Amino acid sequence: MTTSVRLYLSLLAAVAVGRLIEMRISRRHQRALASRNVSLAPEPGFRSMVALHAGVLLAAAIEVLAFHRRFIPAVGVPALIVFALANGLRWWVIATLGPHWNVQVMRSLSLGVVTDGPYRFVRHPNYVAVFVELLALPLIHGAWVTALLGGVLHGLVLRRRLAIEESVLIADAGYRRAMGDKPRFFPRLGRLRAGATQWPTS
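Throughout the sequence shown, residue numbering follows the numbering used here, covering 103 to 304 in sequence.
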């Protein structure tokens, strides 16, 4: 096993540990929110999303080992930078949302609408961060099959998740006033008209 493979497997392991830490933070937030009468929204696809995240990490490791994928600096270095930036954005989201942040959809808008941090620019920065992160991570060490299949499956999972989350968000008048004129994912692109009465759900 080469040094680059060992380092890459260590990175995958670190990401896996990070996900477990996030789950613990999420459970703590869930308990605190539940004590304030905040409930979970029904989300049948949540387990599929968790399985996909774990599957990408496992598949990337298997692909690199089984097919002897090489670290190609021209691809791996940019992918690593993109991964780091996406990870930074995700932790910015977590820090900004504070006790609102959760890995599941919760009806916490009664506690206020978060408009700081990356939410000044877009409505769903976390989904951008997670999608880019899981797409870039396999490419760091040439696991392009995992990146391709994982990206397609992740897009399908996020489409369903986003429909559920936005059905909760747009039901709140305060959220519509604060966030209704902001685009979903990218600043100044696809911006919704202020006061629009119809929101996309997919």
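Glycine included, every Cβ here is placed at the ideal spot set by N, Cα and C. Predicted, not measured: the structure shown is a model, and the values here were computed from it.
Determine the burial state of residue i: buried for a count of at least 16 other Cβ atoms within 10 Å of its Cβ, exposed for fewer.
| i | result |
| --- | --- |
| PRO289 | exposed |
| PHE185 | buried |
| ALA156 | exposed |
| ILE242 | buried |
| MET125 | exposed |
| ARG261 | exposed |
| HIS170 | exposed |
| ARG263 | buried |
| VAL119 | exposed |
| GLY200 | exposed |
| GLY190 | exposed |
| VAL254 | exposed |
| ASN228 | buried |
| VAL232 | buried |
| ALA143 | exposed |
| PRO240 | buried |
| ILE196 | buried |
| LEU114 | buried |
| LEU236 | buried |
| MET281 | buried |
| ARG192 | buried |
| ALA238 | buried |
| ALA188 | buried |
Is any heavy atom of the ligand FMN found at a distance shorter than 7 Å from the C-beta of residue i?
| i | result |
| --- | --- |
| ARG225 | The ligand FMN is not among the ligands present in this structure, which contains no ligands whatsoever. |
With a cut-off of 8 Å on the beta carbons, I'd call residue i and residue j a contact; round off their distance for me.
| i | j | result |
| --- | --- | --- |
| VAL224 | PRO285 | 6 Å |
| SER234 | SER150 | The displayed chain sequence assigns Val, not Ser, to residue 234. In fact, because the Cβ distance is near 20 Å, the residues do not count as touching under 8 Å. |
| TRP194 | PRO220 | 6 Å |
| ALA161 | GLY252 | 7 Å |
| VAL216 | THR198 | 6 Å |
| GLU145 | ILE266 | 6 Å |
| LEU159 | VAL117 | 6 Å |
| VAL205 | SER128 | 4 Å |
Three-state secondary structure (DSSP) at residue i?
| i | result |
| --- | --- |
| MET103 | coil |
| THR299 | The pLDDT assigned to THR299 is 35, lower than 50, so where the model puts this residue is not dependable; a value taken from the coordinates is nonetheless given after this. Coil at THR299, not helix or strand. |
- Query: Between the stretch 203–217 and the stretch 131–144, are three or more C-beta pairs nearer than 8 Å?
  - Reply: The stretch 203–217, when compared against the stretch 131–144, does touch it at the 8 Å Cβ threshold.
- Whole alpha helix (DSSP H) runs in the stretch 212–240 with 4 or more residues, listed along the chain? Secondary structure in the stretch 212–240: no alpha helix (DSSP H) run of 4 residues or longer lies completely within the stretch.
- Query: Counting Cβ pairs closer than 8 Å, one from the stretch 164–182 and one from the stretch 239–257, do we hit at least three?
  - Reply: In the pairwise beta carbon analysis, the stretch 164–182 is classified as touching the stretch 239–257: at least three pairs are separated by under 8 Å.
- Message: Just to confirm the assignment: which complete alpha helix (DSSP H) runs, minimum length 4, are found wholly within the stretch 108–160?
- Response: Taking 4 residues as the minimum length, the stretch 108–160 contains no alpha helix (DSSP H) run wholly inside it.
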